[in-house]
Every structure is written in C-alpha cells, then in structure tokens.
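A quick write-up on the structure given underneath.
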Amino acid sequence: MGGVRDLQALPKAHLHLHFTGSMRHDTLLELAARDRIQLPDALVSEWPPQLTAADEKGWFRFQRLYDVARSVLRTEADVRRLVREAAEDDVRDGGRWLEIQVDPSGYGARFGGISAFTDLVLDAVRDASERTGIGMAVVIAANRTRHPLDARTLARLAAQYADRGVVGFGLSNDERRGRTSEFAAAFAIAERAGLLLAPHGGELLGPDHIRVCLDHLHAHRLGHGVRAAEDPALLDRIIEAGVALEVCPVSNVALGVYSDLTSVPLPTLLDAGATVALGADDPLLFGSR
3 MGGVRDLQAL
13 PKAHLHLHFT
23 GSMRHDTLLE
33 LAARDRIQLP
43 DALVSEWPPQ
53 LTAADEKGWF
63 RFQRLYDVAR
73 SVLRTEADVR
83 RLVREAAEDD
93 VRDGGRWLEI
103 QVDPSGYGAR
113 FGGISAFTDL
123 VLDAVRDASE
133 RTGIGMAVVI
143 AANRTRHPLD
153 ARTLARLAAQ
163 YADRGVVGFG
173 LSNDERRGRT
183 SEFAAAFAIA
193 ERAGLLLAPH
203 GGELLGPDHI
213 RVCLDHLHAH
223 RLGHGVRAAE
233 DPALLDRIIE
243 AGVALEVCPV
253 SNVALGVYSD
263 LTSVPLPTLL
273 DAGATVALGA
283 DDPLLFGSR
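Each residue of the sequence shown is one higher than the one before, starting from 3 at the first, in my numbering.
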C-alpha cells in the first residue's frame, strides 16, 4: 500500500470559481480604501460574513455583499490583479487548471461594454497563465434573475470567443428565481458553438431542478449538483451521461444547505462513481481558501 500523499501537492482542476468572488480579502480592503468606498462590517471586521440562503432576505444580503465587492474594481489594472491573484492562489493550492466564471454584463458599463470587458478578462487570463504556469480559461455565465433574452446575448458573446479562451457557458445566481427552461434557447446557442454547458443546479433546489438542467439545458457539468445524492436514479443518470458535479462544500454550509461539512453528501456521490470537482465558489464571501 502506498504512502500518504501531500494533499496540497496533488494536481487539481478548479472548475467552479466566480470572478468577483475570487478576490482576495486583502485586495478588497486595499482597493476600497484607495477609492474611499465604505464597506459593510460583514466585509471588514466581521469577515467572512455569516450568510444564509434559507429565504429571500438571506439571498438578498448575499447578493448585496457581492455587488459591493464588485464595485471596488475600477480600473483595468484592478481586473488584471484579480485574475493574477486568483491564478497564484490556485497554484499555491496545487492547481494545474483553472476556469473562472464571469458575467460580463455586471462590468460592461464601467469597462466599455461586454465585449471590451471580455477582451480584458481574456487578456488578463492569458497573462496570468503565462506568469504562473497554470492553464486557465473562462466560462461566461448568464444571470438567471435577468430576462432570458439577456442570456441569449451573452451566449452569442460566448460563441464569438469559443476559440479564444472561452470554454463554457453557465447560468448562475439564485436557482429558485426564474424558470430554468426559459434559458434553453441561450444554451442552444452555446451548444451549437461547441461550448461546455455548465448551469448552476442542485444546491438550493433538489433533484427536480437538476432534471430540468439536464433535459432543457443539456448540461455537461452541474454547478454544485450536490443534491443529486438525494435521488439514486437521478445520480445513476448523471453518472451514465458523464455529467460532472462541481461540488462546493464550504459554500453549501455557509448558505445553510447543510448544517456542517460532515453533512455534505460527498462520500455518497463518490461511492456511486460520480465525477466530482471540488470548488471554492466565492472565497471572498465564504472564506473557502
């Protein structure tokens, strides 16, 4: 029997990391101080914040903190720094491949439009990859709280960059909001472009929503997907189809999906033979690094 291997030294692929949420806490504080941006205590003295998504009020608070964090990125240099530091953090953790998920519409107004911002992020990714040695790519994600037509716009954007650093198309934010099936047209655009399809599903909602993601969005990967463990037949389907699960245990606990890390059904997924990639999700808000 072989000896115990160093966990940090094991090669890893990090597939579930959000752009804004990847920011280092120290970087957030520094950029906010530079521009005299008032941060809430939850992002300063009470960091990491105590979060929950059990009700709409809890998710609204989470989203408000996310929006505040986004507001500190004011310059091209800020964006490049965020991407470079995300790469450095993953290398430190043994990462060999990193995908950063971003919704360009959240930054378009400040950075000259969604195409200009996407160009900036992709250039920052190429530079960070060269500097650190880690392979990197981008997943463009639509926001499910916005109109499905906005998602189509982003899907077309992602398709334009399919051979220039964008590898996938996702759907993020509170999966209890909106009708997932209404985003099928956007995912069809991305699918025709040969992009990997990776919607969020199976964290705040259970197996029924996972089925919608599979049936209507043709998901190749599921952002989270952890609650597939609640339905053995569904889990078998996921395994047979080769759908990977991007499981983020720390954020699952932080948002109140599970009471503690030992309650996250990761062993159930692995014992069944599921393909699982562990993710940090939003380290800035969950303290998952």
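Even glycine gets a Cβ: it sits at the ideal position worked out from N, Cα and C.
Because the structure is a prediction, the values reported are computed rather than measured.
Inter-residue spacing [alpha-carbon to alpha-carbon] between residue i and residue j
i: Leu9; j: Leu263; result: 18 Å
i: Glu177; j: Arg133; result: 36 Å
i: Arg194; j: Val81; result: 30 Å
i: Leu272; j: Ala235; result: 15 Å
i: Leu224; j: Thr270; result: 16 Å
i: Asp28; j: Arg72; result: 14 Å
i: Leu75; j: Ala55; result: 26 Å
i: Ala39; j: Ile142; result: It is worth fixing the name first, because residue 39 is Ile in this sequence and not Ala. Answer to the nearest angstrom: the Cα atoms are 28 Å apart.
i: Leu84; j: His226; result: 23 Å
i: Gly275; j: Arg229; result: 15 Å
i: Ala44; j: Leu286; result: 11 Å
i: Arg36; j: Leu30; result: 10 Å
i: Phe171; j: Ala157; result: 7 Å
i: Ala221; j: Ser47; result: 40 Å
i: Ala88; j: Pro50; result: 18 Å
i: Asp153; j: Gly115; result: At residue 153 the sequence reads Ala, which differs from the Asp that was named. Using only the alpha carbons, I get a separation of about 15 Å.
i: Leu257; j: Val6; result: 33 Å
i: Ala161; j: Ala192; result: 6 Å
i: Arg112; j: Ser24; result: 19 Å
i: Val259; j: Pro251; result: 9 Å
i: Arg179; j: Leu268; result: 26 Å
i: His185; j: Arg26; result: The sequence shown places Phe at residue 185, not His. Straight-line Cα distance between these residues: approximately 32 Å.
i: Thr155; j: Gln65; result: 23 Å
i: Ala190; j: Asp69; result: 29 Å
i: Asp165; j: Asn175; result: 26 Å
i: Gln52; j: Glu205; result: 18 Å
i: Val245; j: Asp233; result: 15 Å
i: Ser107; j: Val255; result: 29 Å
Residue i classed as buried or exposed, judged by whether at least 16 other C-beta atoms fall within 10 angstroms
i: Phe119; result: buried
i: Ile212; result: buried
i: Gly62; result: In the sequence on display, residue 62 carries Phe and not Gly. Phe62 should be labelled exposed.
i: Glu242; result: exposed
i: His149; result: exposed
i: Thr22; result: buried
i: Asp105; result: buried
i: Ser261; result: exposed
i: Met3; result: Low confidence applies to Met3: its pLDDT is 47, below 50, so where it sits in the model is not reliable enough to give any reading.
Cutoff 8 Å; reference residue i; Cβ partners in own chain excluding five residues on either side
i: Thr182; result: Arg146, Leu173, Pro201, Gly203, His211, Val214, Cys215, His218, Leu219
i: Arg86; result: Ala126, Asp129, Ala130, Arg133, Thr134
i: Val169; result: Glu101, Ala139, Val140, Val141, Leu197, Leu198
i: Leu33; result: Ile39, Val74, Leu75, Arg76, Asp80
Contact belief for residue i with residue j at Cβ below 8 Å, rounded distance in angstroms
i: Leu124; j: Tyr163; result: 7 Å
i: Leu247; j: Val278; result: 5 Å
i: Gly97; j: Ile136; result: 6 Å
i: Pro42; j: Leu19; result: No, Pro42 and Leu19 are not in contact; Cβ-Cβ is about 23 Å, not under 8 Å.
i: Ala249; j: Gly281; result: The residue asked about is misnamed: residue 249 is Val in this sequence, not Ala. 7 Å between Cβ atoms; contact.
i: Ala188; j: Ala144; result: 6 Å
i: Glu78; j: Leu122; result: 6 Å
i: Gly159; j: Ser117; result: Contrary to the premise, residue 159 reads as Leu rather than Gly in this sequence. With 8 Å as the limit, Leu159 and Ser117 qualify as a contact, their Cβ atoms being about 7 Å apart.
Residue i CB to nearest heavy atom of the ligand NAD below 8 Å
i: Pro285; result: This structure lacks the ligand NAD, and indeed carries no ligand of any kind.
Contacting residues, own chain, Cβ-Cβ under 6 Å from residue i (five flanking each side not counted)
i: Tyr109; result: Phe119
i: Gly60; result: Thr54
i: Leu237; result: Ala230, Ala274
i: Ala11; result: Gly96
i: Ile240; result: Ala230
7 Å Cβ shell around residue i - same chain, five flanking residues per side excluded
i: Asp92; result: His16, Leu100, Ile136
i: Ser253; result: Asp283, Asp284, Phe288, Ser290
i: Arg94; result: none
Three or more C-beta pairs below 8 Å linking the stretch 99-119 and the stretch 13-31:
yes
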